[in-house]
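Chains as they are written, first to last, in my numbering: chain A, 1 to 110; chain B, 1001 to 1113.
Ideal placement from N, C-alpha and C gives every residue a C-beta, glycine not left out.
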Amino acid sequence: DAGITQSPRHKVTETGTPVTLRCHQTENHRYMYWYRQDPGHGLRLIHYSYGVKDTDKGEVSDGYSVSRSKTEDFLLTLESATSSQTSVYFCAISEADTQYFGPGTRLTVL
Amino acid sequence: GQQLNQSPQSMFIQEGEDVSMNCTSSSIFNTWLWYKQDPGEGPVLLIALYKAGELTSNGRLTAQFGITRKDSFLNISASIPSDVGIYFCAGPLFTSGTYKYIFGTGTRLKVLA
Chain A
1 DAGITQSPRH KVTETGTPVT LRCHQTENHR YMYWYRQDPG HGLRLIHYSY
51 GVKDTDKGEV SDGYSVSRSK TEDFLLTLES ATSSQTSVYF CAISEADTQY
101 FGPGTRLTVL
Chain B
1001 GQQLNQSPQS MFIQEGEDVS MNCTSSSIFN TWLWYKQDPG EGPVLLIALY
1051 KAGELTSNGR LTAQFGITRK DSFLNISASI PSDVGIYFCA GPLFTSGTYK
1101 YIFGTGTRLK VLA
């Protein structure tokens, strides 16, 4: 298994609060990604990173921001959580064209 | 967003049976990836294919990279109850300096003991 951990694994929060999810890799892969997975929508790309401090938006980036200050860490922040952001969030890494996923974070926004 | 066409969408099979599923695209891919996702877990990479026509096995799983580079197939032989889950394909596209992945719609497999 690829060395990817996500924290927390589960979180319940209230609308309007900030939330930060962390992805940590031990593989030294260049590319890192954040997806959300919802019933009927499959995996949708939120943001991705192609190097330290190099990030860009995916298809569903509104309401999310990211940071990557070290190769191994990629943070996803919900500045002010909304109920529509209740989802399962997956981090993924790749060095070339093969992608590996983390175990996921289940986020519930009440 | 763009998705790969995957079939069947779901299937019930008896334990011991062989299973086949496929993934098709209108675009050419240079790599095909097959994942399995169990409930509450992250997708796990089963097989990666890097060359048109390539046939690769991983235990009871065999996958093929279609010769046209627009399709791929996954076969599971002698299915067992733990094969239950969602299987999906993925293809990477290198665009704007990074790899982005297109995912299949998924095949939900249910195995009857």
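Val109(A) has Thr13(A) as its beta-bridge partners, per DSSP.
In the three-state reduction of the DSSP assignment, Gln1003(B) falls in the strand class.
Contact of Tyr50(A) with chain B by beta-carbon distance below 7 angstroms involves Gly1097 and Thr1098. Taking a beta-carbon distance threshold of 8 angstroms, Tyr1087(B) does not count as an interface residue toward chain A. Judged by DSSP secondary structure, Arg68(A) falls within the beta strand (DSSP E) whose first and last residues are Tyr64 to Lys70. Of all residues in the stretch 89-101 of chain A, only Phe90, Cys91, Ala92, Ser94, Ala96, Asp97, Thr98, Gln99, Tyr100 and Phe101 come within less than 9 angstroms of chain B when Cβ atoms are compared, listed by chain position.
Listed in chain order, the non-local C-beta contacts of Gln99(A) below 6 angstroms within the same chain comprise Ala92, local neighbours out to five positions each way being set aside. One Cα belongs to Tyr1101(B), the other to Gly1016(B), and the distance between them is close to 33 angstroms. Counting along the chain, Ser1010(B) sits inside the beta strand (DSSP E) bounded by residues Ser1010 to Gln1014. Beta-bridge analysis with DSSP links Arg30(A) to no other residue.
In the assembly as shown, Pro1039(B) is an exposed residue. Its beta-carbon has fewer than 16 other beta-carbons within 10 Å. At a cut-off of 8 angstroms, the C-beta of Leu45(A) has a neighbouring C-beta in chain B.
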